[in-house]
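Engineer:
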Amino acid sequence: MVQWYPGHMAKALREMEEKVKLVDLVMVLLDSRIPLSSLNPKLKSMFNNKKILYIFTKADKADKSLTEKWINYYSVNGNKAIAVDARDKKTVKIVEREALELLKEKRAKDALKGLKPRPIRTMIVGIPNVGKSTLINTLCGKKVAVVGDKPGVTKSQQWTRINQTLELLDTPGVLWPKFDDEKVGFNLAITGAIKADILRNDDICIYFLGLLKSYYPDAIKNRYNVEILDDLNETLIKIGESLHFYLGNKDIDIDKTALYILQEYRNDYLGKMTLDRL
Ligand SMILES: Nc1nc2c(ncn2[C@@H]2O[C@H](COP(=O)(O)OP(=O)(O)O)[C@@H](O)[C@H]2O)c(=O)[nH]1
Ligand SMILES: [Mg+2]
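The sequence shown maps to residues 268 to 545 in our numbering.
1. Does DSSP put Gly440 in a helix, in a strand, or in coil?
2. In whole angstroms, give me the CA-to-CA distance for Val420 and Val411.
3. Assign Ser304 to buried or exposed, taking buried as 16 or more other Cβ atoms, counted over all protein chains shown, within 10 Å of its Cβ.
4. Considering just the uninterrupted stretch of the beta strand (DSSP E) at Met294, what are its terminal residues?
5. Could you tell me the alpha carbon to alpha carbon distance between Glu335 and Ile301, rounded to whole angstroms?
6. Assuming Leu292 contacts Phe323 (C-beta within less than 8 angstroms), just tell me the rounded distance between them.
7. At a threshold of 6 angstroms, does Arg300 count as lining ligand 1 (C-beta to nearest heavy atom)?
8. Buried or exposed: which applies to Pro418, given that a residue is buried once 16 or more other Cβ atoms fall within 10 Å of its Cβ?
9. Work out the CA separation of Pro444 and Asp469 for me, nearest whole Å.
10. Classify Phe446: buried if its beta carbon has 16 or more other beta carbons within 10 angstroms, exposed otherwise.
11. Identify whether Leu333 lies in helix, strand or coil by the three-state DSSP scheme.
12. Consider the C-beta atom of Asp437 and the heavy atoms of ligand 1; say whether any pair is separated by less than 6 angstroms.
13. Would you mind giving the Cβ-Cβ distance between Phe453 and Leu529, rounded to the nearest angstrom? I have them listed as a contact below 8 angstroms.
14. Between which two residues does the beta strand (DSSP E) containing Leu320 stretch?
15. Rounded C-beta distance between Ile391 and Met276? I'm assuming under 8 angstroms.
16. Just to check my reading of the structure: Leu433 and Pro384 have Cβ atoms closer than 8 angstroms, yes? What is that Cβ distance to the nearest angstrom?
17. Can you tell which of Gly440, Thr458 and Ile487 has the C-alpha that lies nearest to the C-alpha of Arg281?
18. Using a threshold of 7 angstroms, state whether the C-beta atoms of Arg490 and Leu537 are closer than that.
19. Between the alpha carbons of Met268 and Ala456, how many angstroms are there, rounded?
20. Does the Cβ of Asp305 lie closer than 6 angstroms to at least one heavy atom of ligand 2?
21. Exposed or buried, what is Val343 when buried is set at 16 or more other beta-carbons lying within 10 Å of its beta-carbon?
22. Measuring from the CB of Asn396, is there a heavy atom of ligand 1 at a distance below 6 angstroms?
23. Take Asn430 as the anchor and find which of Thr458, Val414, Glu449 and Arg388 has the nearest alpha-carbon.
24. Could you check if Ser400 is buried or exposed, using at least 16 other CB atoms within 10 Å of its CB as the buried criterion?
25. Is the beta carbon of Lys557 within less than 6 angstroms of some heavy atom of ligand 2?
26. Should Thr324 be listed as close to ligand 1, given that the test is whether its C-beta is under 6 angstroms from any heavy atom?
27. How long is the line joining the alpha carbons of Arg544 and Arg354, rounded to whole angstroms?
28. In three-state terms, what does DSSP make of Glu494?
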């Protein structure tokens, strides 16, 4: 997990600002389950005049009807949003089509000036774990980026030719998420975007149960045969009982129960869910 310090953030921002100058189109990756919490609010000012393609990753894990709404929310001001499974080869064609569409006017102008069409230069940015390396590998059709919770090997950035339409900067821009809002921190912890060093598993899980109570009231009942009560702490204990997660005595191992529920959610056992609401 990347640890962000003010100096670290300022450096990452500067580096990204330099890279952004080189591209025609920025692909901003957002997690379909948290299309708002996974957005870095600093982005807007940084990408001032650039076209943005918002790519919601992990669409396979999110609530389809809400994904539609979020796509509409982001598809404004000449920008576009799409939802994909970053691991799926079909994503290449989709991204290519949208990039061409977004750059249509510019390319038409270039053609009028007699300029030969050249590939659209693009880069990928997003918070840790959103799927940057996965998408780079899918677009490139081979493993060029390390996927998973390992620090990326620093190397000089290169343009990779994806096809006749697209060229990709093979090092993504890593952005830290915004933490000023406690809810955002919880959403990032629930989905696994950030490690819970600051937050406790039981607090994260209680918050999650609260969301489920209003958004997906049947999910817990279906999986653990436990009703979500008004008392969420009590609900957590009841789930621990149903899982037989006891400490040595009659007490429930709350931390183990909380972590288990969160991992079940991350591994899709609780259903396709979207946690950010418009
Ligand atoms: N189900 C699903 N998993 C994905 C998708 N994109 C990435 N992942 C998984 O999310 C984890 C983090 O992806 P990674 O590419 O390393 O994220 P990065 O930190 O932004 O480079 C990996 O386990 C990927 O397999 C997606 O669209 N759907
Ligand atoms: Mg990566």
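Note that beta-carbon positions come from the ideal geometry of N, C-alpha and C, so glycine has one too.
No experiment lies behind these values; they were computed from the predicted model shown.
Structural biologist: Straight from the coordinates:
1. strand
2. Because Val420 carries a pLDDT of 49, less than 50, the predicted location of this residue cannot be relied on, and the following value inherits that uncertainty. Taking the straight line joining both Cα atoms gives about 11 angstroms.
3. buried
4. Leu292 to Asp298
5. Per the coordinates, the alpha-carbon of Glu335 lies some 13 angstroms from the alpha-carbon of Ile301.
6. Not quite, the Cβ-Cβ distance comes to about 16 angstroms (not below 8 angstroms), so this is no contact.
7. Distances between the C-beta of Arg300 and the heavy atoms of ligand 1 are all 6 angstroms or more.
8. Because Pro418 carries a pLDDT of 49, less than 50, the predicted location of this residue cannot be relied on, and the following value inherits that uncertainty. Label assigned to Pro418: exposed.
9. 22 angstroms
10. exposed
11. helix
12. no
13. Rounded, the Cβ-Cβ distance is 11 angstroms, inconsistent with contact.
14. Lys318 to Thr324
15. Contact flag wrong, Cβ pair sits at about 19 angstroms.
16. Not confirmed; about 12 angstroms, so no contact.
17. It is Gly440.
18. yes
19. The predicted position of Met268 is uncertain, since its pLDDT is 42 and thus under 50; a value taken from the coordinates is nonetheless stated next. Cα to Cα, the separation comes out at about 12 angstroms.
20. The amino acid occupying residue 305 in the given sequence is Ser; Asp does not appear at that position. Outside the cutoff, so no.
21. exposed
22. yes
23. Arg388
24. buried
25. Past the boundaries of the shown model lies residue 557; the chain is included only from 268 to 545, so the question cannot be answered.
26. yes
27. 25 angstroms
28. coil
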